[in-house]
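Okay, structure first, notes after.
2 protein chains.
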Amino acid sequence: MQEERADAARNRKAILEAADDLFATSDSPSEVSMDDIARAAGVGKGTLFRRFGDRRNLIQQVFAVRLAPLREQIESGPPPLGPDTPPRERVSAIIDAIAVFKLDNAHLMLVLEEGSGPTNDLHESPDYVAVHGLLRDLVASEFEKSRASWIAHSLLANIRADLLGHLVKGEGMSHSDIRLSLRDFVAHTLDY
Amino acid sequence: MQEERADAARNRKAILEAADDLFATSDSPSEVSMDDIARAAGVGKGTLFRRFGDRRNLIQQVFAVRLAPLREQIESGPPPLGPDTPPRERVSAIIDAIAVFKLDNAHLMLVLEEGSGPTNDLHESPDYVAVHGLLRDLVASEFEKSRASWIAHSLLANIRADLLGHLVKGEGMSHSDIRLSLRDFVAHTLDY
DNA sequence: TCAGAATACGGACCGATGGTCCGATTGTCA
DNA sequence: TGACAATCGGACCATCGGTCCGTATTCTGA
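Residue numbers (the working numbering), protein chains in the order written: chain V, 5 to 196; chain U, 5 to 196.
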């Protein structure tokens, strides 16, 4: 792998920023087209596709940038998210943090889930697999071993982006309403 | 509203059958195009769109046909699905029945969830709203009133089609594995 | 039975979109 | 500075959902 040429690097950054901005700004982020992004980045379409391959990948990269801080907190940050936290407390903190992240990035989550064909199963994305694995192990380390995987899936199912979005927009719950209900629910689930 | 002309009725049936067959047969049902369906039904594209308006609606109609028996069982069938069932038992039976239905119709579920833009929120579809309302009321009638809605959402989140599909294809669980785990989990959830 | 109105048919056509291609351009390094 | 490789950019392509309208079919009622 060679070094990336200066113009290439510059364009990649411009594209990433333009895309993030468009997704964040647009009323319906999933309708932002690749041409829109190229135009906003001041770049040709060919450049865009050469850098990112396809739409899916571009979206994932934009997402990864936003996710990085949370990911790092969980992987190596201080309690209550980091590794030096008792399992039960950590599970609860992680679920809460992911929920907050999704609520704060609702627009991006929509774009991310847009292509839900067989080629794009949420449950096989690296992020999902990683967090599910972590939760599973945490649950197994102190509670029900045999059902740990199921419990982890279930916890994550309760904070799917579209469900959270519905609770806010369709049922008028505030973010703190949701976090409170979620906290109780997680506690109860962990009493399995 | 006039009577439907004979050729119109014939074509509607042909389209519905062709679509159902294509979705059931195809490896990736969400890639079945409207042209494919029109061709398979031996019908022009115009006819297809005049009858069904758009792709979404056609898919919903195909789905509705398959869903009808289950819907009726729940609305007015005998126990354990019908109304003459104690709430707790009925909730459990309904969740199980929906899970089985989704497992049996995995391909259709994929197509149904394909367009997940802001215009297509699962949680606002009539079917979801109906079953959520029913579960909410059942839960509220005997257990936690204040959290009934949340619990209903949570129960349904555990049987999302893509999650079930992952458990089967990604984790190799059998249908009965899933039903057993689900049964326990629902029981525990209802002990709130 | 038949004519004429009402309705439905079907496939050419359209606009948008993700993605590709290749001649022109720019960065890099000796 | 020169020359080669990497990059650029936008015209171009295929596909898809959806529309349009001249033609064909069905229905009505006398």
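Where a beta carbon is used, it is the ideal one built from N, C-alpha and C, also for glycine.
- For P91 of chain U, the enclosing alpha helix (DSSP H) begins and ends at 91 to 108.
- Distance from the CA of M38 of chain U to the CA of N124 of chain V, rounded to the nearest whole angstrom, comes to 22 Å.
- Not one beta carbon of chain U lies nearer than 8 Å to the beta carbon of F67 of chain V.
- Following the DSSP letters along the chain, one finds S32 of chain V in no alpha helix (DSSP H), marked with neither H nor E.
- A97 of chain V and L85 of chain V have their C-alpha atoms spaced approximately 6 Å apart.
- At a cut-off of 8 Å between C-beta atoms, S158 of chain V counts as an interface residue with respect to chain U.
- Each residue's CA atom was taken as its position, placing V104 of chain U and V47 of chain U some 34 Å apart.
- In this structure S80 of chain V is exposed. Its beta-carbon is surrounded by fewer than 16 other beta-carbon atoms within 10 angstroms.
- Each residue's CA atom was taken as its position, placing V36 of chain U and P130 of chain U some 24 Å apart.
- According to the DSSP assignment, L138 of chain V belongs to the alpha helix (DSSP H) that extends over 130 to 146.
- Here K149 of chain V carries a coil assignment [DSSP, helix/strand/coil].
- Against S185 of chain V, the close residues of chain U are R151, W154, in the order they occur along the chain (beta-carbon pairs closer than 8 Å).
- With a beta-carbon spacing of about 5 Å, P91 of chain U and S145 of chain U fall inside the 8 Å limit used to define contacts.
- Nearest in C-alpha terms to L138 of chain V, of all of V:E117, V:S185, V:T51, V:L160, is V:L160.
- Under a criterion of Cβ atoms nearer than 9 Å, no residue of chain U is adjacent to E93 of chain V; the nearest Cβ is some 21 Å distant.
- The beta-carbon separation of D88 of chain U and L186 of chain U, rounded to 23 Å, does not stay under the 8 Å limit for a contact.
- Each residue's CA atom was taken as its position, placing S34 of chain V and D40 of chain V some 12 Å apart.
- Taking each of U:A10, U:K17, U:S178, U:H192 in turn and checking the Cα distance to Q65 of chain U, the smallest one comes out for U:K17.
- Residues of the region 166 to 186 of chain V with a Cβ closer than 8 Å to any Cβ of chain U, in chain order: D166, L167, G169, H170, L171, G174, E175, S185.
- Secondary structure note for S80 of chain V: its alpha helix (DSSP H) is the uninterrupted segment 59 to 80.
- Here the alpha carbons of E7 of chain U and V133 of chain U stand approximately 31 Å from one another.
- Between V95 of chain U and L20 of chain U, the CB-CB gap reaches or exceeds 8 Å.
- Rounded to whole angstroms, the Cβ separation of H127 of chain U and H111 of chain V is 17 Å, and the two are not in contact under 8 Å.
- By the rule that beta-carbons nearer than 8 Å mark a contact, A18 of chain V does not touch chain U.
- Residue state for S178 of chain U is assigned as coil, using DSSP reduced to three classes.
- V:A12 is the residue among V:K173, V:A12, V:I155 whose C-alpha sits nearest the C-alpha of G50 of chain V.
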